[in-house]
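Colleague:
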Amino acid sequence: MLEHTLRERDEHMEEKLHKLKSLLARVHDLETAAGLLSWDQETYMPAGGAEARAEQVATLGRLAHEFFTSEEIGNLLVSLEPYARKLEYDSNDASLVRVTRRDYDRAIKLPSELVAEIARTGALARQVWKEAKETSNFSIFRPYLEKIVELCVQKAQALGYEDRIYDALLDEYEPGMKASRIEKIFADLKTELVSIVGAISVCEKPDDSFFHKEYGERAQWDFGIEVIKDFGFDLNHGRQDVSAHPFTTAFSIKDVRLTTRIQKDYLPSGLFSTLHECGHGLYQQGFDLSLERTPLAGGASLGVHESQSRLWENLIGRSRLFWNHYYPRLKEIFPTQLKGVSLEQFYQAINRVEPSLIRVEADEATYNLHIMLRFELENALLEGRVKVKDLPKVWNAKMEEYLHVVPPNDGQGVLQDIHWSQAYMGYFPTYSLGNLMSAQLFQCATQEIPSLPQQIGSGQFRDLLDWLQKNVHRHGRKLTMAELLQRITGKPLEAQSYLAYIREKYSDIYGDLS
Ligand code: ZN
Numbered sequence: 125m126l127e128h129t130l131r132e133r134d135e136h137m138e139e140k141l142h143k144l145k146s147l148l149a150r151v152h153d154l155e156t157a158a159g160l161l162s163w164d165q166e167t168y169m170p171a172g173g174a175e176a177r178a179e180q181v182a183t184l185g186r187l188a189h190e191f192f193t194s195e196e197i198g199n200l201l202v203s204l205e206p207y208a209r210k211l212e213y214d215s216n217d218a219s220l221v222r223v224t225r226r227d228y229d230r231a232i233k234l235p236s237e238l239v240a241e242i243a244r245t246g247a248l249a250r251q252v253w254k255e256a257k258e259t260s261n262f263s264i265f266r267p268y269l270e271k272i273v274e275l276c277v278q279k280a281q282a283l284g285y286e287d288r289i290y291d292a293l294l295d296e297y298e299p300g301m302k303a304s305r306i307e308k309i310f311a312d313l314k315t316e317l318v319s320i321v322g323a324i325s326v327c328e329k330p331d332d333s334f335f336h337k338e339y340g341e342r343a344q345w346d347f348g349i350e351v352i353k354d355f356g357f358d359l360n361h362g363r364q365d366v367s368a369h370p371f372t373t374a375f376s377i378k379d380v381r382l383t384t385r386i387q388k389d390y391l392p393s394g395l396f397s398t399l400h401e402c403g404h405g406l407y408q409q410g411f412d413l414s415l416e417r418t419p420l421a422g423g424a425s426l427g428v429h430e431s432q433s434r435l436w437e438n439l440i441g442r443s444r445l446f447w448n449h450y451y452p453r454l455k456e457i458f459p460t461q462l463k464g465v466s467l468e469q470f471y472q473a474i475n476r477v478e479p480s481l482i483r484v485e486a487d488e489a490t491y492n493l494h495i496m497l498r499f500e501l502e503n504a505l506l507e508g509r510v511k512v513k514d515l516p517k518v519w520n521a522k523m524e525e526y527l528h529v530v531p532p533n534d535g536q537g538v539l540q541d542i543h544w545s546q547a548y549m550g551y552f553p554t555y556s557l558g559n560l561m562s563a564q565l566f567q568c569a570t571q572e573i574p575s576l577p578q579q580i581g582s583g584q585f586r587d588l589l590d591w592l593q594k595n596v597h598r599h600g601r602k603l604t605m606a607e608l609l610q611r612i613t614g615k616p617l618e619a620q621s622y623l624a625y626i627r628e629k630y631s632d633i634y635g636d637l638s
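Taking our numbering, the leading residue of the sequence shown gets 125, the next gets one more, and so forth.
The following block contains the structure:
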């Protein structure tokens with residue numbers, strides 16, 4: 125009799141779960157449709173389409189938000205939570221209820237009007253930002269950025285926070301992370317990095333002038349595709365296009381879109397952005413298929429996402445082992461451009477350390493300094509310590525302080541990143557968190573796959589991709605960064621593995637750095 129009742133109750137719960145999943149699938153469809161519109165805006169849409177597109181994206185965003193924050197979903201969560209708590213923590217159903225609750229609690233705090241306003245402002249601002257960047261004209265972007273900062277403050281206030289306003293925004297991109305913890309990690313990182321960069325700055329720089337010859341765009345594109353296919357990116361379930369700012373998005377686990385940008389007169393730009401975005405794409409293609417059309421079919425966090433892109437771009441793509449295999453092929457494609465350039469010269473050139481203006485083209489030693497600068501400025505903007513009108517000046521002063529270079533114009537300075545135009549504040553530090561995580565993961569993979577170095581040296585990536593899929597990818601959003609790291613490495617996020625990797629790599633190139 126009792127068993128009968130329990131079974132009935134479970135059946136009842138199954139029904140509720142089914143209902144919840146179908147409601148969430150509808151939200152997911154609206155969000156991915158909006159994602160497709162944004163992808164199109166960055167790749168093929170004529171500039172004149174911006175205003176109409178802003179309305180379309182805002183309407184879809186508002187609908188998704190309204191559907192998601194419905195009372196029906198709230199009630200289903202309340203009745204499913206006791207049942208879900210009895211299931212295994214990382215089972216699909218327990219995770220779905222837990223992660224949906226986290227999203228739901230955030231979402232109901234945001235008024236639909238504010239969500240739509242942010243989406244609309246973001247779409248308009250993005251178009252103006254493009255022009256402002258191209259013409260190095262901060263003043264046309266300024267009113268949009270002022271509006272965006274104001275909207276981000278409103279958003280943070282609606283979400284609420286205990287300690288710092290930054291925490292409210294950061295939590296969306298890196299669940300559970302706090303600004304104060306990042307400041308601690310960054311402090312460790314900064315001291316060491318500044319010392320390493322300082323030691324390198326007095327060394328002779330590897331020659332990389334051959335990167336600036338003319339490299340045919342088609343040939344660059346084809347080589348990139350060749351490598352990402354070897355990495356395991358499935359072009360039957362994904363594609364690559366061109367955009368001003370490379371990014372990855374997905375409309376399904378089976379439809380993952382990469383973008384890249386190719387520069388004719390600078391080889392590393394297209395090459396490494398292709399490998400980088402591929403790392404994001406492999407993650408998106410690696411979610412367990414049972415998570416399709418649920419909120420779990422996504423990256424655990426932006427930091428975890430970035431750990432994947434950085435791992436493929438840097439720990440693999442800038443390694444000597446990798447180029448042992450690929451350099452002969454690259455030389456075959458560009459025989460005149462790379463004439464007389466040895467593998468060792470090429471390797472050193474792609475790892476040349478030099479403080480520079482542009483974050484996305486920064487080397488591994490200076491990259492995190494660019495992030496620290498943005499993290500500090502965002503905190504200052506949100507806390508009202510810096511005004512938007514003074515931003516170019518403050519930006520340039522910080523560049524000088526951190527990297528000893530000053531942008532000659534705002535296009536190469538404060539206007540270089542797309543993020544603020546899209547109202548993404550609280551996002552930048554996840555790049556550095558991803559760098560740190562990538563080193564921790566790679567260290568662990570190397571211990572667990574003894575032949576990994578030989579495999580990389582012969583262009584074989586299957587075991588590594590399988591390892592990542594098993595340990596990271598398949599879980600989607602089921603586990604947080606902290607939970608993933610604890611399970612895989614037994615440790616929390618820390619700067620030491622990354623710093624050890626950086627020290628070892630650059631001492632090998634530049635000699636003793638202590
Ligand atoms: Zn990335």
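Positions of the beta carbon are idealized from the N, C-alpha and C atoms, including for glycine. All values derive from a computational prediction rather than experimental measurement.
#1: For Glu166, verify whether its CB is less than 7 Å away from any heavy atom of the ligand ZN.
#2: Is Leu220 near Gln278, with beta carbons less than 8 Å apart?
#3: Can you find a heavy atom of the ligand ZN that lies under 7 Å from the Cβ of Ser425?
#4: With H, G and I counted as helix, E and B as strand and the rest as coil, what does DSSP make of Gly322?
#5: Just to confirm, are Ala421 and Ile349 a CB contact at a threshold of 8 Å?
#6: For Asn199, count neighbouring Cβ atoms within 10 angstroms of its own Cβ and tell me buried if that reaches 16, exposed if not.
#7: Assign Phe265 to one of three DSSP states: helix, strand, or coil.
#8: Is it the case that the Cβ atoms of Ala606 and Gly300 are separated by a distance below 8 Å?
#9: Strictly by DSSP, which residues pair up with Ala158?
#10: Check whether the Cβ of Glu430 lies closer than 7 Å to any heavy atom of the ligand ZN, and answer yes or no.
#11: Within 10 angstroms of its Cβ, does Ala619 collect 16 or more other Cβ (buried), or is it exposed?
#12: Determine the extent of the beta strand (DSSP E) in which Arg381 is found, giving its start and end residues.
#13: Does the Cβ-Cβ distance between Arg177 and Ser236 come in under 8 Å?
#14: With DSSP as the reference, label Gly348 as helix, strand or coil.
#15: Closer than 7 Å to a non-hydrogen atom of the ligand ZN - does that hold for the CB of His543?
#16: Report the residue ranges of all alpha helix (DSSP H) runs contained in full by the segment 391-452; include only those spanning at least 4 residues, in chain order.
#17: Kindly provide the ranges of any alpha helix (DSSP H) runs that are 4 or more residues long and lie completely inside the segment 250-317, ordered along the chain.
#18: Going along the chain, which residues of its own chain have a beta-carbon closer than 7 Å to the beta-carbon of Phe334, five neighbours each way excluded?
#19: For a test of the three-state rule: what should DSSP assign to Thr372, helix, strand or coil?
#20: Counting C-beta neighbours from all protein chains within 10 Å, is the total for Gly340 16 or more, i.e. buried, or is it exposed?
#21: Among the candidates Lys254, Lys455 and Lys615, whose CA atom is the shortest distance from the CA of Pro170?
#22: Exposed or buried, Lys594, counting other C-beta atoms within 10 Å across all chains shown (16 or more means buried)?
#23: What separation, rounded to the nearest whole angstrom, lies between the Cα atoms of Thr398 and Arg385?
#24: Buried or exposed for Gly394, please, with buried defined as at least 16 other CB atoms from any protein chain shown within 10 angstroms of its CB.
#25: Any heavy atom of the ligand ZN closer than 7 Å to the CB of His400?
#26: Looking at the secondary structure, which residues open and close the beta strand (DSSP E) in which Val366 lies?
#27: So Gly198 is in the alpha helix (DSSP H); what residue range does that whole segment cover?
#28: Distance check for Pro574 and Asp164, CA to CA, integer angstroms please.
#29: Using a threshold of 8 Å, state whether the C-beta atoms of Leu493 and Leu527 are closer than that.
Modeller: Looking at the coordinates:
#1: no
#2: no
#3: no
#4: helix
#5: no
#6: exposed
#7: helix
#8: Yes, they are a contact pair.
#9: According to DSSP, Ala158 bridges with nothing at all.
#10: yes
#11: Label assigned to Ala619: buried.
#12: Asp379 to Thr384
#13: no
#14: helix
#15: no
#16: 391-409 and 426-434
#17: 262-283 and 289-297
#18: Spatial neighbours of Phe334 in its own chain (CB-CB distance under 7 Å, excluding positions within 5 residues in sequence) are listed in chain order as Gln461, Leu462 and Val465.
#19: Secondary structure of Thr372 (DSSP, three-state): strand.
#20: exposed
#21: Lys254
#22: By the neighbour-count definition (other C-beta atoms within 10 Å, threshold 16), Lys594 is an exposed residue.
#23: 8 Å
#24: By the 10 Å Cβ count, Gly394 comes out buried.
#25: His400 Cβ: within cutoff of the ligand ZN.
#26: Gly362 to Val366
#27: Glu195 to Lys210
#28: 43 Å
#29: yes
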